[in-house]
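Residue numbers 976 to 1243, in the working numbering, belong to the letters of the sequence shown in order. In this text, a Cβ means the ideal position worked out from N, Cα and C, and glycines have one as well. The next block holds one structure in the form of structure tokens; read it before the comments.
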Amino acid sequence: MEYADLKGKKVDMIGFGTYKIGNGEVEKAVETALETGYKRIDTAVMYANEEGIGRAINKSGVKREDLFITTKLWTDVKTPEDVRKSVYGSLERLKTDYIDMLLIHWPTEYKNEVWRGMERMKKDGVVKGIGLSNFKIHHIEELEKEAEFYPEWNQLEIHPYFQNTETVEYCRKKGIVCEAWSPLARGAALNDETIKKIALKYQKSAAQIILRYDIQNNVSAVPKSTHAERIKENIDIFDFSLTASDVEEIKKLETNKRLYRDPDNHGF
Ligand SMILES: NC(=O)c1ccc[n+]([C@@H]2O[C@H](COP(=O)([O-])OP(=O)(O)OC[C@H]3O[C@@H](n4cnc5c(N)ncnc54)[C@H](OP(=O)(O)O)[C@@H]3O)[C@@H](O)[C@H]2O)c1
């Protein structure tokens, strides 16, 4: 495993994504992920699967302090009191007494008020880290004007076709951990001819090449799968390195077009 530096704390670069895995199926998937060696689980209130994840964690026998659980506040959270209620709901469903990283799922006009609530939860120790998701540079700058604690994390749409370079570089300069959501472009990048050619050269899968590219770019990632062999494959990327010329080739796949929603106009 390679690690992100979270204010001096080492955090696994690869976590397990759980979007669109329902409560029933997620239990098995997270059990498999934990058996395979994942320590970091990414969920959100919106995914409606925290209960299944809680069951898997409790069955697994992995010590809580060895895990890193991220969850996210949905866009209906508008006040510090809403934050408190949302976090306590997550804790109950996840059957745990703290969250490692709490993110604002999408920026809204209430983000600064929501951040105040998150800062309170951090001071109370119920939430260890606070961060963002889908925040562009201007959203971060609007937030920092009133923030007491600087954001620690930003989870963004990042894959070979939309590498989000400007925001990634900004976050890096500011010491914010940058994380790729939909790192495989939900499977769309796996049939790319350039990626497949590079995969052949290293005798790795297309998914492994993309995830390795992220790690070498200091971007953490949360690939999702419900298949045991893919779950295993996606974390097995630490025994090789891409050459500078292969990195350059993947860099050129940039289209500057998002495949998913624009944070300025997400409609949630
Ligand atoms: N913050 C946000 O707004 C936001 C938005 C979207 C996602 N996320 C997070 O990011 C995570 C990952 O994103 P995602 O789930 O949208 O997409 P993804 O991880 O890019 O891709 C998942 C898709 O790729 C397939 N897949 C995974 N590993 C594979 C492999 N090794 N070989 C072949 N196919 C493979 C999966 O199929 P199977 O499952 O059938 O194996 C699934 O169809 C989410 O689960 C969620 O935790 C966050």
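In DSSP terms, what R1015 is bridged to:
Under DSSP, R1015 shares a beta bridge with F1043.
Opening and closing residue of the alpha helix (DSSP H) in which A979 lies
For A979, no alpha helix (DSSP H) run applies; the uninterrupted beta strand (DSSP E) run containing it begins and ends at 978 to 981, by DSSP.
Looking at the unbroken beta strand (DSSP E) that takes in V1102, where does it start and where does it end?
Its beta strand (DSSP E) spans residues 1102 to 1108.
Is it true that the segment 1221 to 1240 meets the segment 1020 to 1032, where meeting means three or more beta-carbon pairs spaced less than 8 angstroms apart?
Result no; under three Cβ-Cβ pairs closer than 8 angstroms.
Which residue or residues does DSSP assign as beta-bridge partners of A1196?
According to DSSP, A1196 bridges with I989, A1155.
Which one of I996, Y1073, T1007 has the shortest CA to CA distance from F1043?
Closest option to F1043, Cα to Cα, is Y1073.
Within its chain, find whatever has a CB closer than 8 angstroms to the CB of E1006; leave out the 5 residues flanking it on each side and keep chain order.
Around E1006, the same chain offers A1031, K1034, S1035 as residues with beta carbons nearer than 8 angstroms, after the five sequence neighbours per side are excluded.
Use the C-beta contact count for G1064: other C-beta atoms within 10 angstroms, 16 or more gives buried, fewer gives exposed.
Exposure of G1064 is indicated by the presence of fewer than 16 other C-beta atoms within 10 angstroms of its C-beta.
Which whole runs of the alpha helix (DSSP H) in the segment 1039 to 1097 are 4 residues long or more, in chain order?
Counting whole runs of 4 or more residues, the segment 1039 to 1097 contains the alpha helix (DSSP H) stretches 1055 to 1069.
State the start and end residues of the unbroken alpha helix (DSSP H) segment that holds E1204.
Looking at the DSSP string, the run of the alpha helix (DSSP H) that includes E1204 is 1203 to 1210.
With a cut-off of 8 angstroms, do at least 3 Cβ pairs link the segment 1198 to 1215 to the segment 1231 to 1240?
No: the two stretches stay apart, fewer than three of their Cβ pairs being nearer than 8 angstroms.
Just how far apart, CA to CA, sit G1070 and S1061?
Per the sequence shown, the amino acid found at residue 1070 is Lys instead of Gly. K1070 and S1061: Cα-Cα distance of roughly 14 angstroms.
Backbone CA spacing between T1218 and A979 [nearest angstrom]
Each residue's CA atom was taken as its position, placing T1218 and A979 some 21 angstroms apart.
Q1138, DSSP secondary structure in three states
Q1138 sits in coil when the DSSP states are folded into three classes, being neither helix nor strand.
Would you identify the three-state DSSP class for K1120, choosing helix, strand or coil?
Three-state DSSP puts K1120 in coil, outside helix and strand.
Going by DSSP, name the residue or residues bridged to K1034.
Answer is none; K1034 lacks a bridge partner.
Residue interval of the beta strand (DSSP E) (run including E1168)
No beta strand (DSSP E) holds E1168; the alpha helix (DSSP H) holding it covers 1168 to 1177.
Locate the beta strand (DSSP E) running through E1127, then write down its first and last residues.
Run containing E1127: none; DSSP gives neither H nor E here.
Q1130: buried (16+ other C-beta within 10 angstroms of its C-beta) or exposed?
The residue is buried, with at least 16 neighbouring Cβ atoms inside 10 Å.
With distances taken Cα to Cα, identify the nearest neighbour of L1078 among R1068, K1097, E1067.
Ranking R1068, K1097, E1067 by Cα distance to L1078 puts K1097 first.
Would L1175 be called buried (16 or more neighbouring beta carbons within 10 Å of its own) or exposed?
Within 10 angstroms of the beta-carbon of L1175 lie fewer than 16 other beta-carbons, which makes it exposed.
Note down, in chain order, each residue of its chain lying with its Cβ closer than 6 angstroms to the Cβ of T1083, except the 5 sequence neighbours on either side.
The residues are T1050.
Assuming L1186 is part of the alpha helix (DSSP H), what are its boundary residues?
Judged by DSSP secondary structure, L1186 falls within the alpha helix (DSSP H) whose first and last residues are 1181 to 1191.
Are the beta-carbon atoms belonging to N998 and F1137 less than 9 angstroms from one another?
Taking 9 angstroms as the Cβ cut-off, N998 and F1137 do not qualify as a contacting pair.
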